[in-house]
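Notes follow the structure.
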Amino acid sequence: MLLETIVEAVTNELMNFVLNSLMDQTRMQIEMLGDLL
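This is the structure in structure tokens:
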């Protein structure tokens with residue numbers, strides 16, 4: 847039971863980290879494109 851909770855929490859943290867990283871990279875790409883245009 848406890849292990850399930852820990853795994854769920856870690857999974858959520860990983861998902862948040864990955865999503866935030868993707869968002870940051872996308873934002874940087876858009877800013878670079880904006881500078882070129």
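Convert by adding 846 to the 1-based position in the sequence shown; the result is the number in this note's numbering. Even glycine gets a Cβ: it sits at the ideal position worked out from N, Cα and C.
For residue i, the first and last residue of its enclosing alpha helix (DSSP H)
i: M861; result: 848-882
Rounded straight-line distance, which links the Cα of residue j to that of residue i
i: L883; j: R873; result: 15 Å
i: F863; j: A855; result: 12 Å
i: E877; j: M847; result: 45 Å
i: L860; j: D881; result: 32 Å
i: E850; j: T857; result: 10 Å
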